[in-house]
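Single-structure report; data block below.
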């Protein structure tokens, strides 16, 4: 028997009523109601109901025929809603709240803004301006793109006289193609865009061919995403997106000069070595600064130019099928951390999409993984999870789409310097700590109530503090490299061994300033350029080494030798500074290395002309240091009329396609450059 009866409705009316048709306000909160309890026949008698409170229940969706023609205000907070499209049955709805429904995302916000033409307030925020943009500008641009796709690729495929079978075939191909190829707006709204594109495409076919092409939304075919593009200006998009969601305020620092950067090695640079041999540069990569964001300020203070920013990583795209190609699965959303906060930023628009704060924390590292979670009725869905860690030695696990930090792992008693996930085992997380240990954790998969169980699988003993980690691409389940305060080490991490606590298996020697070899040096930059070539930066000023993992490790043989000489392939010329912790990164798909310096510049190296020779078993070491392909100069930024100086580049990371370059500084500024 349903929990809802006529007597209950009359009793829960505000004020109490004697007739259903007279009820205007109804409170059905905290009744443990499920979707099946909402009886359409009973609700159809509430003809004059204007305000309905269904908060704190167990609803996963709405029945399609509740028939509440006069409903103006609806509260669905704290349920388990997974879809909002059934809300279109309430066309007069003006105020809607559905906070703390963990499966609803920004895409659902946009869906209700389109479906509910009278909606003014969403989750307590005025969305009038943004909703008008979604209904008009967004729809106009998507309609134009869908129509162009039909005219260019499909219209001529139909003969003058066509059969029903031909129409069915064209319809199927067109709907799949248009959802794959028509893209618009930020990647965080890709689900909404596909939903609207399918709707517009069906309307176009119905109009052009006189067909009824309506389909069940739950049977919608999932399609792969291709490259993202935005036809809005960054300013327009930032204004639009910022009106929805729980976004913290942020400050944008405007550069006094925003000219396209064409600086080549040596331009404006006094170091003679940088000026030499520029003919080796493969290309001049034109890039321009898009945004300078001050979004990690303590207390959102505009005066905070002291917070250090340390780590950033691009979010993986969902719904990429089985494709492993990083170029096809890249996103323009990046997670950054520094001070007490972690931010999610849309690189195209400069919009801070999300912001998480822990007042007593200083975050040093972030990492993404994609977990396949059971959401309800045993259905599975992929979700991106962000791990963030820092000074407190605690890993925070954040379900980003749900705006929910669902758990934490007390991983170490001392600060965590860096974290990374295994590329082959989605729940395996490595944490490197100031306690001179690296721990491997299985973070588990949370259930629909976010219960999870984390367990420690391994502890790797280091002789000094580990600063950077890299799993060996050809055997990520067997070997881990780490750059530490006292050298570069490798561990065997294979889980079929019984030993849970393990010493390092190898320590690598590098040339020192006196021409000899040493293992004792700080390695504060470490990454793989491809399956074999390692890029590392040590305390030797002015130099970044490229060396072969396989040729170095093979010299170890089967003996007990643990000290191994790195087989150096080349040296990259870099700043002569002796400052530490200015780390490097790579873009393997484009054969690029990036590293910032103590003057706010970004050194970029295109190594595509060298990698083929290095893969040869007899590949020789490059005789000369390789100069940067280009150096991006820090622009003149002014705040309150004063120029920002003494800018250190702590980290610089590109997306897998090398479209965006995210630069983290020592002065609380995130700079985003875009390749032209």
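Residue numbers (this note's numbering): 5 to 680. In this text, a Cβ means the ideal position worked out from N, Cα and C, and glycines have one as well. All values derive from a computational prediction rather than experimental measurement.
Task: Neighbour-count burial assignment, residue 44, 16 or more Cβ in a 10 Å radius - done: Exposed.
- [ ] Determine, using beta carbons only, whether residue 392 and residue 338 come nearer to each other than 8 Å.
- [x] Going by C-beta atoms, residue 392 is not nearer than 8 Å to residue 338.
Open item on the list: On the criterion of 16 or more Cβ atoms from any shown chain inside 10 Å, does residue 378 qualify as buried, or is it exposed?
Closed with: Residue 378 should be labelled exposed.
Task: residue 458 - containing beta strand (DSSP E), residue span - done: Per DSSP, residue 458 belongs to no beta strand (DSSP E) and is neither H nor E.
TODO: Leaving out five residues on either side along the sequence, give the residues of the same chain with a beta carbon under 6 Å from the beta carbon of residue 122.
DONE: Contacts found: 96, 98.
Open item on the list: Just to confirm the assignment, what range does the alpha helix (DSSP H) spanning residue 315 have?
Closed with: It is not in any alpha helix (DSSP H) - residue 315 instead sits in the beta strand (DSSP E) that spans 313–318.
Open item on the list: For a minimum of 3 consecutive residues, which ranges assigned as the beta strand (DSSP E) are wholly contained in the stretch 639–680?
Closed with: DSSP runs (the beta strand (DSSP E)) wholly in the stretch 639–680: 653–658, 664–669, 674–679.
Task: Given residue 302 as reference, the closest of 343, 384, 432 once Cα atoms are compared - done: That would be 343, whose Cα lies nearest to the Cα of residue 302.
Task: Cβ neighbour criterion (16 or more within 10 Å) applied to residue 112 - done: The residue in question, residue 112, is buried, as its Cβ has 16 or more Cβ neighbours within 10 Å.
Task: alpha helix (DSSP H) runs contained entirely in the stretch 134–160, provided each spans 4 or more residues - done: Counting only runs of 4 or more, we get 143–157.
Open item on the list: If I follow the unbroken alpha helix (DSSP H) through residue 77, where does it start and stop?
Closed with: Looking at the DSSP string, residue 77 is not in any alpha helix (DSSP H); the run it does join, the beta strand (DSSP E), is 77–79.
Open item on the list: Which same chain residues end up closer than 7 Å to residue 21 when comparing Cβ atoms and leaving out the 5 residues on each side of it in sequence?
Closed with: Beyond the five residues adjoining it in sequence on each side, residue 21 comes within less than 7 Å, by CB distance, of 14, 27 in the same chain, given in chain order.
Task: Extent of the continuous alpha helix (DSSP H) run through residue 48 - done: From DSSP, residue 48 is part of no alpha helix (DSSP H); its letter is neither H nor E.
Task: Extent of the continuous alpha helix (DSSP H) run through residue 449 - done: No alpha helix (DSSP H) contains residue 449, which DSSP labels as neither H nor E.
Open item on the list: Taking 8 Å as the threshold (C-beta atoms), are residue 409 and residue 369 in contact?
Closed with: Residue 369 is not a Cβ neighbour of residue 409, given a cutoff of 8 Å.
TODO: Look at the alpha carbon of residue 133 and the alpha carbon of residue 601, and state the distance between them as a whole number of angstroms.
DONE: If I take the Cα positions, the gap works out to 43 Å.
Task: Alpha carbon of residue 320 to alpha carbon of residue 596, nearest angstrom - done: When rounded, the distance between both Cα atoms is 20 Å.
Task: Bridge partners - residue 631, DSSP secondary structure assignment - done: None, per the DSSP bridge assignment.
Task: residue 565 versus residue 672: straight-line alpha-carbon distance, rounded - done: Distance between the alpha carbons of residue 565 and residue 672: 45 Å.
- [ ] Verify whether the separation of the beta carbon atoms of residue 472 and residue 536 is less than 8 Å.
- [x] Cβ distance not < 8 Å, so residue 472 and residue 536 don't count as in contact.
Task: Which of helix, strand or coil DSSP assigns to residue 592 - done: Three-state DSSP puts residue 592 in a helix.
Open item on the list: If I follow the unbroken alpha helix (DSSP H) through residue 556, where does it start and stop?
Closed with: In the DSSP assignment, residue 556 falls within the alpha helix (DSSP H) that extends over 553–558.
Task: Helix, strand or coil at residue 191 according to DSSP, with G and I counted as helix - done: Three-state result, residue 191: helix.
Task: Separation of residue 202 from residue 148, as counted between CA atoms - done: Each residue's Cα considered, the two are about 13 Å apart.
- [ ] Determine the closest residue to residue 304 out of 456, 546, 361, 605, with distance taken between C-alpha atoms.
- [x] Its Cα nearest to that of residue 304, the residue 361 stands out among 456, 546, 361, 605.
TODO: With DSSP collapsed to three states, give me the class of residue 201.
DONE: Reduced to three states, the DSSP call for residue 201 is helix.
Open item on the list: Is the beta carbon of residue 452 closer than 8 Å to that of residue 359?
Closed with: No.
Task: Cα-Cα separation between residue 263 and residue 419, rounded to whole angstroms - done: With a pLDDT of 36 at residue 263, under the threshold of 50, the predicted position of this residue should be treated as unreliable, though the coordinate-derived value follows. The alpha-carbon separation between residue 263 and residue 419 amounts to approximately 41 Å.
TODO: For residue 519, count neighbouring C-beta atoms within 10 Å of its own C-beta (all shown protein chains included) and say buried if the count is 16 or more, exposed if not.
DONE: Label assigned to residue 519: exposed.
TODO: Identify which residue in 567, 25, 548, 549 has its Cα closest to the Cα of residue 557.
DONE: The residue from 567, 25, 548, 549 with its alpha-carbon nearest to that of residue 557 is 567.
- [ ] Count the other CB atoms, across all protein chains shown, that sit within 10 Å of the CB of residue 583; report buried if there are 16 or more and exposed otherwise.
- [x] Exposed is the call here.
- [ ] Kindly examine the ligand FMN and report whether one of its heavy atoms sits closer than 7 Å to the Cβ of residue 589.
- [x] The ligand FMN is not among the ligands present in this structure, which contains no ligands whatsoever.
Task: Helix, strand or coil at residue 61 according to DSSP, with G and I counted as helix - done: Here residue 61 sits in coil by DSSP.
Open item on the list: On the DSSP letters alone, give me the boundaries of the beta strand (DSSP E) that residue 514 sits inside.
Closed with: Unbroken beta strand (DSSP E) run through residue 514: 510–515.
Open item on the list: Suppose contacts are defined by Cβ-Cβ distances below 8 Å. Is residue 421 in contact with residue 469 by that definition?
Closed with: Closer than 8 Å, so yes.
Task: Whole-angstrom C-beta distance between residue 191 and residue 336, which should lie under 8 Å - done: Right, their Cβ atoms sit about 5 Å apart.
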